[in-house]
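Number of protein chains: 2
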Amino acid sequence: MSRPENVQPERKLTARGASTRARIVAAAVELMYVKGVNATTLDDVRAASNTSKSQLYNHFPDKEALVRAVVASRAEQVLERERGNLERLKSFRGLVRWRDALVQRNALQNGAYGCALGSLASELADQDDQARATLAESFAQWQGLLAAGLRRMRDNGVLKPDADPEQLATGLMAALQGGYLLAETAHDIKPMEIALDMALDHVKSYLTA
Amino acid sequence: MSRPENVQPERKLTARGASTRARIVAAAVELMYVKGVNATTLDDVRAASNTSKSQLYNHFPDKEALVRAVVASRAEQVLERERGNLERLKSFRGLVRWRDALVQRNALQNGAYGCALGSLASELADQDDQARATLAESFAQWQGLLAAGLRRMRDNGVLKPDADPEQLATGLMAALQGGYLLAETAHDIKPMEIALDMALDHVKSYLTA
DNA sequence: GAATATTTGGACTATTTCGTCCATCATGCT
DNA sequence: AGCATGATGGACGAAATAGTCCAAATATTC
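One line per chain: the protein sequences are A and B, in this order. Position one of the first sequence corresponds to residue 1 (this note's numbering), numbered consecutively onward. Position one of the second sequence corresponds to residue 1 (this note's numbering), numbered consecutively onward.
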């Protein structure tokens with residue numbers, strides 16, 4: 001199965017309907033990031049998206065379905081961004097730029113709200129197994145983008161042959177997510193910087209130069 | 001202010017009352033870990049603690065107060081455990097034992113539920129600033145235990161003089177928390193192991209021997 | 001442009017959850 | 001023992017939230 005029934009609900013939508021659906025999801029994505037999934041009510045979503053109850057229930061059978069649409073949307077959004085940041089990664093400098101971009105973006109809100117995917121994962125992992133699976137898959141893809149870049153670096157002789165791209169990528173992801181959480185809790189992005197720098201140092205230890 | 005009014009409610013409790021309060025908090029701690037804070041209702045707590053509504057509201061003015069008691073209790077619990085694991089840390093082998101203990105403990109539940117403090121932090125940080133502050137302080141103390149051990153290692157010549165105990169401790173904490181989250185999402189503790197091993201490798205790079 | 005299908009607004013119901021209240025029971029104190 | 005105070009059980013009320021329904025408006029198709 002290359003494109004499961006998940007992405008597009010089978011019923012066809014008019015342009016107007018599709019736009020309403022998009023507005024609902026966009027509002028829910030934002031609200032659930034800022035307030036958390038459980039603390040976001042359907043009335044919040046309805047108000048923020050300028051829609052009505054019937055529109056919510058026209059597009060989603062229940063709140064759980066909306067949450068899953070939010071997860072899918074956010075995952076696609078983050079992965080799209082990260083593809084842009086990582087698909088041409090082939091040097092240590094590139095990895096530093098990747099780090100800087102994430103830190104800067106998080107600094108804009110002083111670390112508040114954490115990682116868009118990480119906070120969903122933390123809240124939903126033990127709550128909704130389907131959402132958890134989607135998030136696990138998204139993390140895996142994100143990590144895969146890192147691993148692919150690291151593999152290019154290894155194959156081009158930037159990294160030593162014994163560097164394990166998958167393991168290094170896991171380490172980077174964990175440092176990133178842990179850094180997000182510490183920064184969010186402390187209201188200070190410093191721990192995120194330190195964590196990422198540790199992970200970069202670890203990669204650096206496999207540099208050939 | 002060394003001990004704010006936070007810890008002990010000013011009203012005196014009989015032994016029976018204190019035991020009821022403890023039962024309530026213990027049940028809430030467990031439920032909120034497994035189900036999440038927002039998904040845990042006061043009725044869940046009432047049932048699990050074998051109490052009644054009036055007892056809940058006798059001891060806590062509202063749910064928020066109970067949540068804060070849960071945070072304080074869990075923080076004390078985790079720190080008590082970590083003090084035991086870290087107060088005599090003075091060698092790299094000790095750090096490995098610390099890592100192993102955490103991984104083993106998390107493996108018991110196959111990574112589910114994540115870190116007892118981390119999951120509270122993620123859910124409450126942007127929701128309840130007082131809880132966030134308590135959690136930030138708890139993370140800081142936890143990290144302080146690590147830093148103190150690393151400092152002993154440095155002062156005893158195990159680590160090089162340029163090793164920065166606070167930074168290394170931050171890196172370890174981030175790898176731990178990130179590892180918890182990835183493990184929870186993937187239902188696999190492997191990423192937690194890899195993340196911690198990366199952080200340990202980083203510490204190892206400061207070893208003198 | 002008539003017939004059919006989708007979309008919309010919002011009132012309405014059902015359910016869940018928080019929080020109040022008070023009569024009764026237990027406990028500590030003198 | 002007897003009074004004061006704390007503890008308990010559970011019914012009850014209030015509020016928030018999820019979910020239903022249908023008539024009216026808009027779009028699509030032939």
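Built from N, CA and C at the ideal position, the CB exists for glycine as well.
Check                                                                                                                                                                           : Outcome
Should D155(A) be flagged as near chain B, meaning a C-beta pair shorter than 8 Å?                                                                                              : no
Give me the subset of the segment 112-140 of chain A whose CB atoms are less than 7 Å from a CB atom of chain B, sorted by chain position.                                      : A112, Y113, G114, G118, S119, A121, S122, E123, A125, D126, Q127, R132, L135, A136 and F139
Using a 10 Å radius around the Cβ and a threshold of 16 neighbouring Cβ atoms, would you call T20(A) buried or exposed?                                                         : buried
Which residues, in chain order, does the segment 177-204 of chain B contribute to contact with chain A at a C-beta distance below 7 Å?                                          : Q177, G178, G179, L181, L182, E184, T185, A186, P191, I194, A195, M198, A199, D201 and H202
Give the DSSP-derived three-state secondary structure of L108(B) in the structure shown.                                                                                        : coil
Are there three or more Cβ pairs, one per stretch, closer than 8 Å when the segment 66-82 of chain A is compared with the segment 118-134 of chain A?                           : yes
Using only alpha-carbon positions, find the residue among A195(A), P191(A) and A163(A) that is nearest to V203(A).                                                              : A163(A)
Which two residues bound the contiguous alpha helix (DSSP H) that contains S49(A)?                                                                                              : L42 to S49
Could you have a look at L159(A) and say whether DSSP puts it in helix, strand or coil?                                                                                         : strand
Taking all protein chains shown into account, do 16 or more other C-beta atoms lie within 10 angstroms of the C-beta of S119(B), making it buried, or fewer, making it exposed? : buried
For a test of the three-state rule: what should DSSP assign to E168(B), helix, strand or coil?                                                                                  : For the record, residue 168(B) in the displayed sequence is Leu; it is not Glu. Helix at L168(B).
Would a check of beta-carbon distances place N50(A) closer than 8 Å to chain B?                                                                                                 : no
Please state if the CB of A28(A) and the CB of T40(A) are separated by a distance shorter than 8 Å.                                                                             : yes
Between G152(B) and the rest of its own chain, which residues show a CB-CB distance below 6 Å, the 5 nearest in sequence each way excluded?                                     : Before going further, note that residue 152(B) is Arg rather than Gly in the sequence given. If we look at R152(B) and ignore the five residues flanking it on each side, its Cβ neighbours are K90.
Below 8 Å CB to CB, which residues in the same chain sit around L117(A) once its five sequence neighbours on both sides are set aside?                                          : R74, A75, V78, L135, S138, F139 and W142
Going by C-alpha to C-alpha distance, which of D188(B), T51(B), V37(B) and L31(B) sits closest to A18(B)?                                                                       : T51(B)
Give the residues from the segment 165-176 of chain A that approach chain B closer than 7 Å (Cβ to any Cβ), ordered along the chain.                                            : Q167, T170, G171, M173, A174, A175 and L176
Along chain B, in chain order, which residues have C-beta atoms closer than 9 Å to that of N38(A)?                                                                              : G36, V37, N38, A39 and E123
What does L207(B) pair with, by DSSP beta-bridge criteria?                                                                                                                      : L159(B)
My guess is that A186(A) and A175(B) are in contact by the Cβ rule of under 8 Å, so how many angstroms apart are they, rounded?                                                 : About 16 Å separates the two Cβ atoms, so there is no contact after all.
Could you tell me the distance, in whole angstroms, from the CA atom of M32(A) to the CA atom of A101(A)?                                                                       : 23 Å
What number of angstroms, rounded off, separates the C-alpha of Q109(B) from the C-alpha of A183(B)?                                                                            : 11 Å
Do you know how far the Cα of V34(B) is from the Cα of A195(A)?                                                                                                                 : 28 Å
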